[in-house]
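Novice: Got a structure for you, questions after.
Protein chains: 2
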Amino acid sequence: MFSKACEYGIKASIFIAINSYEGKRVSPKEIAKEINSPQAFTAKILQALVRHKVINSVKGAYGGFEVNKNELKYIKLSQIVKAIDGDNIYNGCGLGLEKCDENHPCPVHEKFKDVRNELKHMLENTSLEELAMDIKSGISFLKA
Amino acid sequence: MFSKACEYGIKASIFIAINSYEGKRVSPKEIAKEINSPQAFTAKILQALVRHKVINSVKGAYGGFEVNKNELKYIKLSQIVKAIDGDNIYNGCGLGLEKCDENHPCPVHEKFKDVRNELKHMLENTSLEELAMDIKSGISFLKA
DNA sequence: TTTATTTCGGATATTTTTATCCTATTTATA
DNA sequence: TATAAATAGGATAAAAATATCCGAAATAAA
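Same order as they appear, the protein sequences are chains C and U. Mapping of the first sequence onto the numbering used here: residues 20 to 163, in sequence order. Mapping of the second sequence onto the numbering used here: residues 20 to 163, in sequence order.
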């Protein structure tokens, strides 16, 4: 469904959110340990999220990654997914046709709509804040 | 969502279905041309579908790929997807956790359920027959 | 201003997925 | 039985995704 890069990006963002909530910046090293991901690769993904302005980075001593605490509830999963995997999962054809729309649909175009809408709805209505809260309260987990 | 291999597998199966309906067997060459896919790679995928008994092959002169005309309505998309991409899209964790269930859920476990159920429902309730009919009647298309 | 710390970004390596090529095997028909 | 037409399957190749390494640039504090 999502690429490894995107999975790491989502988990990393949640961990950053938890810490930003408490005014702490975190490093790729801490993040990778907490979400059980390869550190250098994770760092690259964080860079991409910064470029897309999903999260913020502060260089130099006492720096690290953070998100604006007040924006936590407005940052949606969809932003992270689009930043890393692009919008193919939103707009791309389920069977990979270059051109696939109402006028020239692939065999599963109509059937796929419901799935895509459900996914879209989920991604656009799930905030980093709620995901972070669930981790904090022990309801969900970032690694096995 | 699906791998390229799976996309080819679905489109190939539909084309085979159309032809089997008319009593004709088809070759990887014809299939690849019709669904706009690399021929040799498509042939490998067809082999996999045969091994998983989704479609049938007949070797030698006048051979080719076919499906039992009478079973067309009972062959569901889910069988093709499982044969090629495995059941990860069904059972795998949305964020790639090795262990992710009700007792130890990933951050999106609950939210993901609806999406997965919608997808599962679609795959398990869509038959090769209906997809083939739509192509035959010009409602949908196998290539752009 | 120097130092230690930290992100940035280019280069490279590894693994997986996608794709190609060639030979062996099977089978219907002449 | 010989031949031509097919699929089967192993060996490679190419491309994309995943992962690692290292030096450059930025920055806070001593």
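Here a beta-carbon is modelled for each residue, glycine too, at the ideal position from N, C-alpha and C. Just so we're clear, the structure is a prediction, and the values are computed from it rather than from any experiment.
Taking only three categories from DSSP, how would you classify LYS43(U)?
Specialist: Coil at LYS43(U), not helix or strand.
Novice: Report the residue from PRO47(U), GLN98(U), PHE60(U), ASN55(U) whose alpha carbon sits nearest the alpha carbon of ASN78(U).
Specialist: The residue asked about is misnamed: residue 78(U) is Lys in this sequence, not Asn. That would be PRO47(U), whose Cα lies nearest to the Cα of LYS78(U).
Novice: Does the segment 114 to 132 of chain C touch the segment 70 to 77 of chain C, meaning 3 or more C-beta pairs lie closer than 8 Å?
Specialist: No: the two stretches stay apart, fewer than three of their Cβ pairs being nearer than 8 Å.
Novice: Ends of the alpha helix (DSSP H) at ASN136(C)?
Specialist: 128 to 144 is the span of the alpha helix (DSSP H), which, as asked, contains ASN136(C).
Novice: Using a C-beta to C-beta distance shorter than 8 Å, which residues of chain C count as neighbours of ALA51(U)?
Specialist: In chain order: nothing, as chain C lies at least about 14 Å away.
Novice: Taking C-alpha atoms, which residue in LEU161(C), LEU91(C), ASN75(C) lies nearest to THR145(C)?
Specialist: It is LEU91(C).
Novice: Relative to the C-alpha of LYS23(C), which candidate in SER76(U), TYR40(U), GLY111(U) has its C-alpha closest?
Specialist: The shortest C-alpha separation from LYS23(C) is found at GLY111(U).
Novice: Quick one: which residues of the segment 102 to 116 of chain C get their C-beta closer than 7 Å to a C-beta of chain U? List them in chain order.
Specialist: Of all residues in the segment 102 to 116 of chain C, ILE108, GLY113, LEU114, GLY115, LEU116 have a Cβ within less than 7 Å of some Cβ in chain U.
Novice: Hey, is the segment 138 to 154 of chain C in contact with the segment 45 to 59 of chain U, meaning 3+ C-beta pairs nearer than 8 Å?
Specialist: In short, these stretches do not touch, since the Cβ pair count stays below three.
Novice: Checking the sheet assignment: what are the DSSP bridge partners for HIS123(U)?
Specialist: Answer is ASP120(U).
Novice: Just checking ILE29(C) against the ligand NAD - is the residue's beta carbon closer than 6 Å to any of the ligand's heavy atoms?
Specialist: Judged by which ligands are present, the structure shown has none, so any question about the ligand NAD falls away.
Novice: Just checking my contact of LEU161(U) with GLU53(U) at CB under 8 Å: how many whole Å lie between their CB atoms?
Specialist: That belief holds up - the Cβ atoms of LEU161(U) and GLU53(U) are roughly 6 Å apart, short of 8 Å.
Novice: Please report how far the alpha carbon of GLU49(C) lies from the alpha carbon of ALA80(C), in whole angstroms.
Specialist: So the two alpha carbons sit approximately 15 Å from each other.
Novice: Is it buried or exposed, TYR27(C), if we count other Cβ atoms within 10 angstroms and call 16 or more buried?
Specialist: Classification for TYR27(C): buried.
Novice: In the DSSP assignment, what residue or residues form a beta bridge with ASN75(U)?
Specialist: BP columns for ASN75(U) point to GLU85(U).
Novice: Given that ASP133(U) touches chain C, what residues does it touch there, using C-beta distances under 8 Å?
Specialist: Result: GLU137, MET141.
Novice: Residue range of the alpha helix (DSSP H) that PHE60(U) falls in?
Specialist: Taken as a continuous stretch (DSSP letters only), the alpha helix (DSSP H) holding PHE60(U) covers 58 to 70.
Novice: Using CA atoms only, rank isn't needed, just tell me which of TYR93(U), GLY82(U), ILE108(U) is closest to LYS43(U).
Specialist: The option with the nearest alpha carbon to LYS43(U) is GLY82(U).
Novice: Once DSSP output is grouped into helix, strand and coil, what is the label at LYS164(C)?
Specialist: As displayed, chain C neither begins before 20 nor continues past 163, which places residue 164(C) out of reach and without an answer.
Novice: Between GLY157(U), LYS101(U), ASP106(U), which has its C-alpha nearest GLU121(C)'s C-alpha?
Specialist: Closest by alpha carbon: GLY157(U).
Novice: Is there a C-beta anywhere in chain C that falls below 7 Å from the one on THR61(U)?
Specialist: Closer than 7 Å: no.
Novice: Are the Cβ atoms of ILE29(C) and PHE84(C) separated by less than 7 Å?
Specialist: Their beta carbons are not under 7 Å apart, which means ILE29(C) does not touch PHE84(C) by this criterion.
Novice: Taking CB distances under 7 Å as the criterion, tell me whether HIS123(C) reaches chain U.
Specialist: Judged by the 7 Å Cβ criterion, HIS123(C) is in contact with chain U.
Novice: Which residues mark the beginning and the end of the alpha helix (DSSP H) in which GLU90(U) is found?
Specialist: Neither: GLU90(U) is in no alpha helix (DSSP H) and is coded neither H nor E.
Novice: My output table needs one value for ASN107(U): the three-state DSSP class, helix, strand or coil.
Specialist: If DSSP states are grouped into helix, strand and coil, ASN107(U) belongs with the helices.
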